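Chains as they are written, first to last, in my numbering: chain A, 226 to 372; chain B, 82 to 174.
What follows is the structure in structure tokens.
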């Protein structure tokens with residue numbers, strides 16, 4: 226009975242933080258602040274749910290622990306990757322503002338940067354291919370071009 | 082299975098709450114001004130789905146749902162990483 230009460234309390238804790246995180250994702254004004262809010266769902270909300278499930282159904286606690294550890298490892302990595310993509314888009318938008326100083330729109334964050342991105346990436350890929358064509362392996366053997 | 086009526090009712094209520102949380106999260110997927118916003122909202126939806134699957138394991142009283150939740154977490158991680166890399170770098174690899 227005590228375990229059931231503690232489990233229900235932990236489940237309610239998790240549901241509360243899930244609701245707060247979703248509310249933050251809907252209401253926050255900026256991409257990075259929204260990332261901050263959705264991180265709460267991944268850690269506090271999901272961990273409350275996992276803890277409550279482990280208390281209510283003790284036979285699966287090992288799998289729940291494995292799931293919790295996996296989410297604990299992967300969630301910051303995914304959040305960091307999304308934040309890096311937000312930062313990269315802002316960098317490109319800033320470069321667009323600098324090069325196009327005659328017409329400065331008020332808000333450059335909503336601009337579509339995928340064309341500029343792909344153009345610079347194509348340049349990068351061409352340079353990398355030329356570098357690979359000139360490249361000698363450090364042990365002196367020739368590059369194996371045949372597949 | 083959970084036999085106490087209080088715990089059973091609480092589990093059903095929490096499951097209902099989690100499922101209804103999917104609606105505002107998908108609002109951010111549809112409306113989100115930029116591509117990273119949508120990606121982040123999809124990531125949030127998969128996190129909520131992991132919670133829902135764990136609650137379903139509690140309702141059904143079986144262990145298999147937790148394995149499904151682990152598999153969903155793994156695939157969601159790979160998908161989020163690759164799409165975020167595609168957005169920021171212009172290519173996946």
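Glycine is no exception: its CB is placed at the ideal position from the N, C-alpha and C atoms. Since this is a predicted model, take the numbers as computed values, not measurements.
In whole angstroms, what separates the C-alpha of residue 245(A) from that of residue 103(B)? Position 20 of the first chain, counted from the first residue, corresponds to residue 245(A). Position 22 of the second chain, counted from the first residue, corresponds to residue 103(B). For residue 245(A) and residue 103(B), the distance between alpha carbons rounds to 13 Å.
Which residues in the same chain have their Cβ closer than 6 Å to the Cβ of residue 371(A), if we skip the five residues on either side of it in sequence? The sequence position of residue 371(A) within the first chain is 146, counting from 1. For residue 371(A), the predicted model reports a pLDDT of 46, less than 50, meaning its position is unreliable; a value from the coordinates is still stated below. Here the set comprises nothing.
What does residue 282(A) touch in chain B if you count any residue whose Cβ is under 8 Å from its own? The residue labelled residue 282(A) in the question sits at position 57 within the first chain. Those within 8 Å of residue 282(A) in chain B are 83, 138, 139, 142.
In terms of residues, what are the limits of the alpha helix (DSSP H) holding residue 169(B)? For the purposes of this step, residue 169(B) is identified with residue 88 of the second chain, where counting begins at 1. Residues 145 to 170.
How many angstroms separate the CA atom of residue 248(A) from the CA atom of residue 351(A)? Within the first chain, residue 248(A) is the residue found at index 23, counting from 1. Within the first chain, residue 351(A) is the residue found at index 126, counting from 1. Distance between the alpha carbons of residue 248(A) and residue 351(A): 45 Å.
Would residue 118(B) be called buried (16 or more neighbouring beta carbons within 10 Å of its own) or exposed? Translated into the one-based positions of the second chain, residue 118(B) becomes position 37. Burial call: buried.
Environment of residue 306(A) [buried if 16+ CB atoms lie within 10 Å]: Here residue 306(A) is taken as the residue at index 81 of the first chain, counted from 1. Residue 306(A) is buried by the Cβ-count criterion.
On the CB-based measure, 16 or more other CB atoms within 10 Å of its CB, does residue 169(B) come out buried or exposed? On the second chain, position 88 is the one that residue 169(B) refers to. Buried, since its Cβ has 16 or more Cβ neighbours within 10 Å.
Contact belief for residue 278(A) with residue 139(B) at Cβ below 8 Å, rounded distance in angstroms: On the first chain, position 53 is the one that residue 278(A) refers to. On the second chain, position 58 is the one that residue 139(B) refers to. Right, the Cβ-Cβ distance comes to about 5 Å (below 8 Å), so this counts as a contact.
Whether or not the region 293 to 313 of chain A and the region 262 to 272 of chain A are in contact is what I'm after, with contact meaning three or more pairs of Cβ atoms, one per stretch, closer than 8 Å; do they touch? yes
Determine the DSSP secondary structure at residue 174(B), reduced to helix, strand or coil. By one-based count along the second chain, residue 174(B) stands at place 93. Shown here, residue 174(B) sits in coil according to DSSP, grouped into three states, outside any helix or strand.
Counting contacts by CB-CB distance shorter than 9 Å, is residue 121(B) in contact with chain A? Residue numbering aside, residue 121(B) sits at position 40 when the second chain is read from its first letter. True, the Cβ-Cβ gap to chain A drops below 9 Å.
Indicate whether at least one CB of chain B lies closer than 9 Å to the CB of residue 350(A). As a working note, residue 350(A) is residue 125 in the first chain. It does: the Cβ of residue 350(A) has a partner Cβ on chain B nearer than 9 Å.
So, using beta-carbon positions, are residue 113(B) and residue 243(A) closer together than 9 Å? Counting from 1 along the second chain, the entry for residue 113(B) is found at position 32. Counting from 1 along the first chain, the entry for residue 243(A) is found at position 18. The answer is no: Cβ separation not under 9 Å.
Beta carbons nearer than 7 Å to chain B: which residues of the region 250 to 266 of chain A have them? 250, 251, 256, 259, 260, 263, 266
Hey, would you say residue 310(A) sits closer than 9 Å to residue 116(B), going by beta carbons? Residue 310(A) sits at position 85 when you count from the first residue of the first chain. Residue 116(B) sits at position 35 when you count from the first residue of the second chain. Yes; because the gap between Cβ atoms is below 9 Å, this pair is in contact.
C-alpha gap between residue 272(A) and residue 315(A), whole angstroms: To locate residue 272(A), count along the first chain from 1; it is residue 47. To locate residue 315(A), count along the first chain from 1; it is residue 90. Each residue's Cα considered, the two are about 33 Å apart.
Contact defined as beta carbons within less than 8 Å: I believe residue 134(B) pairs with residue 149(B). What is the distance between those atoms, to the nearest angstrom? Mapped onto the second chain, residue 134(B) falls at position 53. Mapped onto the second chain, residue 149(B) falls at position 68. Confirmed, about 6 Å.
C-beta contact flag for residue 132(B) and residue 274(A) at 9 Å: Position 51 of the second chain holds residue 132(B). Position 49 of the first chain holds residue 274(A). Cβ distance < 9 Å, so residue 132(B) and residue 274(A) count as in contact.
is_contact[residue 131(B), chain A] using C-beta, thresh 9 Å: Position 50 of the second chain holds residue 131(B). At least one chain A Cβ lies under 9 Å of residue 131(B).
So, are the CB atoms of residue 108(B) and residue 251(A) less than 9 Å apart? Here residue 108(B) refers to the residue found at position 27 when the second chain is read from its first residue. Here residue 251(A) refers to the residue found at position 26 when the first chain is read from its first residue. Contact: yes.
Can you tell which of 226(A), 303(A), 312(A), 313(A) has the C-alpha that lies nearest to the C-alpha of residue 121(B)? Residue mapping note: residue 121(B) aligns to position 40 of the second chain, counting from 1. Residue 121(B) has its Cα closest to that of 303(A), out of 226(A), 303(A), 312(A), 313(A).
Short of 7 Å in beta carbon distance, which residues of its chain neighbour residue 253(A), apart from the five on each side in sequence? Order them along the chain. Taking the first chain and counting its residues from 1, the one referred to as residue 253(A) is at position 28. If we look at residue 253(A) and ignore the five residues flanking it on each side, its Cβ neighbours are 259, 262.
Run through the region 248 to 287 of chain A for me and flag every whole alpha helix (DSSP H) of 4 or more residues, listed as ranges in chain order. List check, alpha helix (DSSP H) in window: 256 to 265, 271 to 281.
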